[in-house]
């Protein structure tokens, strides 16, 4: 008689719930030491329901099919010189930021979910974290593969892994994940699973992947689709965790709210770079950052927080500040990189007149008043042969590690200064949101590895900026950095197109 | 509790303590309403350096590229030290006039409104 075939539900039960065991001679609390110190109360792990009930064998099967298709498309892209079909070589600089800034976060997510999976006492949550962990490892691999083709033809991709730990602006995404991974397992889940994956990741993956499609970058579109099908599962995990925590005990509610406030703020600061990519770095633009924020956060996120209100959860703190910042942050960020274009691993440029007009149209209340004049000034300087590069190093925010480039929202011409004194030292912040995060756990953030201070301490080589760029960052000075205009990337493109 | 940690009384290493800066302290300097400079500048300076050296030798190099730098009437400039009104003493050391490690020095030139009067 043939063996009876198990249905998926039974298979899942056998592969998860029944893998757990009773601790007969060990204290369960010693096996899961991280479960309690954050103050979260779990009364019954069996209430956890993994909405996907994915088993390892079906996972392998499903993902293997996806990978096969992905690599077939990547091969075709490379054999057909897909790099020549993109809209404009400026576009590739967004990929350089993606590879140096975002892909290493996938690797951090892989490590973080593997660790968190070990720390949860509930086996359903453990298995879900394990699946997500493997997904994240695949994502970093497929992203590196997709972008490695561009590395053959454009500058700036070659040292992404080395650079993640060193370059000044990469301390922003790096510190975001370091902060989450240095927290307990429940905060990690609220930080990454809920705030980032559930609420904010759409803003990264959906418009950015559409941007890739609009700009003829089929390699990125393909890995984007492959990743996006996993994201649905990750988002469900993030939401399930939040609901589970809130249903387990009412004492969890204020703790979770504090984490939502914190990670929502950190997440929006991190997404400043995506805002800049959408508004300034895509030659063919999909939608403005402001429009994306309205669709994906104000509408979608607003509905979510209405749903969570029955648990006593309110909108993240400073949501009203963020609503105003959508008018400003992309412009402030691109100006920062433009003025530091000698110290970045990618090229920057003055937007074309058509692009400036597009920005005026998309930002009628702010662009002409506050931001167009910067570009008029830059154009004047460039015309005189004095392309502007900032000569000194910027003050950084101790928490988000972004230069203090954000302004007061009731006066966008005034830099926002905030500070705290802690044990006879001063600490500075770009915003009330970052100051709150520091004040809540100062002992954590006194350890911030702030690139400017590390350079001053002599920990990054030197002494001159050029030495640091070349020896410590491994930027190929003169090729990877400086203006797009006149760069080897631009010259190569013109040769391909016969316009040199 | 100043941090939520599994280790009781956990304390972090203060990475930016003054002892780590090889005899210097960090001083931040910002020109209000002049966002050509996207953020205030950070400088590593000896604590016993007179303010005059900061003013005459350190600040001009990064700030002087702004077309309004030359138009500043310094007798009319108001200064803030860590957010409070302050009158710098040119020949007195930074540390002797309260400019300590990670202090913020800001100067305001209200008659200069930036490029195209836009705060740039």
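Residue numbers (the UniProt record's numbering), protein chains in the order written: chain Z, 1 to 500; chain Y, 1 to 120.
Beta carbons: idealized from backbone N, C-alpha and C, even for Gly.
Remember, predicted model here, so these are calculated numbers, not experimental data.
Supposed contact pair residue j and residue i - C-beta distance, whole angstroms, cut 8 Å
i	j	result
residue 2 of chain Y	residue 443 of chain Z	4 Å
residue 44 of chain Y	residue 404 of chain Z	Between residue 404 of chain Z and residue 44 of chain Y the Cβ distance is about 17 Å, and since that is not below 8 Å, they are no contact.
residue 89 of chain Y	residue 373 of chain Z	No, residue 89 of chain Y and residue 373 of chain Z are not in contact; Cβ-Cβ is about 36 Å, not under 8 Å.
residue 199 of chain Z	residue 264 of chain Z	7 Å
residue 21 of chain Y	residue 456 of chain Z	6 Å
residue 267 of chain Z	residue 100 of chain Z	Between residue 100 of chain Z and residue 267 of chain Z the Cβ distance is about 19 Å, and since that is not below 8 Å, they are no contact.
residue 509 of chain Z	residue 326 of chain Z	Look at the range of chain Z in this structure, 1 to 500, and you will see that residue 509 of chain Z is not part of it.
residue 282 of chain Z	residue 146 of chain Z	That belief does not hold up - the Cβ atoms of residue 282 of chain Z and residue 146 of chain Z are roughly 17 Å apart, past 8 Å.
residue 112 of chain Z	residue 188 of chain Z	6 Å
residue 388 of chain Z	residue 378 of chain Z	6 Å
residue 66 of chain Z	residue 226 of chain Z	5 Å
residue 352 of chain Z	residue 401 of chain Z	Rounded, the Cβ-Cβ distance is 31 Å, inconsistent with contact.
residue 91 of chain Y	residue 50 of chain Y	5 Å
Terminal residues of the alpha helix (DSSP H) in which residue i lies
i	result
residue 474 of chain Z	Looking at the DSSP string, residue 474 of chain Z is not in any alpha helix (DSSP H), and its letter there is neither H nor E.
residue 230 of chain Z	218-248
residue 31 of chain Y	First-last for residue 31 of chain Y: 25-31, but that is the beta strand (DSSP E), not the alpha helix (DSSP H).
residue 321 of chain Z	319-325
residue 106 of chain Y	Unbroken run through residue 106 of chain Y is the beta strand (DSSP E), 103-108; no alpha helix (DSSP H).
residue 496 of chain Z	488-497
residue 61 of chain Z	56-79
residue 355 of chain Z	353-362
residue 129 of chain Z	123-151
residue 210 of chain Z	201-214
Closest by C-alpha distance to residue i, when choosing among the options
i	options	result
residue 36 of chain Y	Z:65, Z:332, Z:31	Z:332
residue 415 of chain Z	Y:38, Y:58, Y:110	Y:38
residue 426 of chain Z	Z:327, Z:395, Z:136	Z:395
residue 46 of chain Y	Y:15, Y:102, Y:109	Y:102
residue 95 of chain Y	Y:54, Y:67, Y:65	Y:54
residue 128 of chain Z	Z:110, Z:142, Z:139	Z:110
residue 435 of chain Z	Z:468, Z:452, Z:469, Z:398	Z:398
residue 114 of chain Y	Y:66, Y:17, Y:5, Y:50	Y:66
residue 348 of chain Z	Z:31, Z:156, Z:316	Z:156
residue 150 of chain Z	Z:196, Z:90, Z:431	Z:90
residue 19 of chain Y	Y:52, Y:42, Y:68, Y:100	Y:100
residue 168 of chain Z	Z:343, Z:223, Z:244	Z:343
residue 406 of chain Z	Z:438, Z:440, Z:321	Z:321
residue 104 of chain Y	Y:79, Y:33, Y:69	Y:79
residue 419 of chain Z	Z:460, Z:14, Z:45, Z:430	Z:430
residue 165 of chain Z	Z:483, Z:140, Z:480, Z:460	Z:460
Contact with chain Y by residue i, beta-carbon distance below 8 Å
i	result
residue 257 of chain Z	no
residue 555 of chain Z	Chain Z is shown only over 1 to 500; residue 555 of chain Z falls outside these bounds and no answer can be derived.
residue 376 of chain Z	yes
residue 494 of chain Z	no
residue 78 of chain Z	no
residue 428 of chain Z	yes
residue 33 of chain Z	yes
residue 344 of chain Z	no
residue 278 of chain Z	no
residue 503 of chain Z	Outside the shown range of chain Z, which is 1 to 500, sits residue 503 of chain Z, and nothing can be said about it.
residue 63 of chain Z	no
residue 404 of chain Z	yes
residue 525 of chain Z	Because chain Z in this structure spans residues 1 to 500, residue 525 of chain Z falls outside the shown range and cannot be described.
Contact with chain Z by residue i, beta-carbon distance below 8 Å
i	result
residue 103 of chain Y	yes
residue 13 of chain Y	yes
residue 47 of chain Y	no
residue 120 of chain Y	yes
residue 95 of chain Y	no
residue 20 of chain Y	yes
residue 116 of chain Y	yes
residue 51 of chain Y	no
Extent of the continuous beta strand (DSSP E) to which residue i belongs
i	result
residue 426 of chain Z	425-429
residue 122 of chain Y	Since the first residue shown for chain Y is 1 and the last is 120, residue 122 of chain Y is missing from the structure and cannot be characterised.
residue 421 of chain Z	418-422
residue 85 of chain Y	84-86
residue 79 of chain Y	78-81
residue 412 of chain Z	411-415
Cutoff 8 Å: residue i Cβ touching any chain C Cβ
i	result
residue 35 of chain Y	Going by chain labels, chain C is absent from the structure shown, which instead holds the protein chains Z and Y.
**Asked** Taking three-plus beta-carbon pairs below 8 Å as touching, is the region 226-236 of chain Z in contact with the region 296-312 of chain Z?
**Response** no
Practice item. Answer yes if the region 93-105 of chain Z comes into contact with the region 154-164 of chain Z, meaning at least three C-beta pairs across the two stretches below 8 Å, and no otherwise. Key: yes
request  = Specify whether the region 9-21 of chain Y and the region 439-457 of chain Z touch according to this definition: at least 3 beta carbon pairs, one from each stretch, less than 8 Å apart.
outcome  = yes
Decide if the region 58-66 of chain Y is in contact with the region 17-25 of chain Y; the criterion is three or more beta carbon pairs, one per stretch, under 8 Å apart.
no
Segment contact flag, the region 326-345 of chain Z with the region 356-371 of chain Z, C-beta cutoff 8 Å, min 3 pairs
yes
If contact is defined by three or more beta carbon pairs under 8 Å, each pair taking one atom from either stretch, is the region 212-226 of chain Z in contact with the region 84-92 of chain Z? yes
- Inspect the CB distances between the region 118-133 of chain Z and the region 44-62 of chain Z and report whether three or more fall short of 8 Å. Flag = yes, the region 118-133 of chain Z and the region 44-62 of chain Z touch.
Are there three or more Cβ pairs, one per stretch, closer than 8 Å when the region 200-212 of chain Z is compared with the region 284-303 of chain Z? yes
* Inter-stretch contact (C-beta, 8 Å, three-pair minimum) for the region 244-257 of chain Z and the region 172-182 of chain Z -> Output reads no: the region 172-182 of chain Z does not touch the region 244-257 of chain Z.
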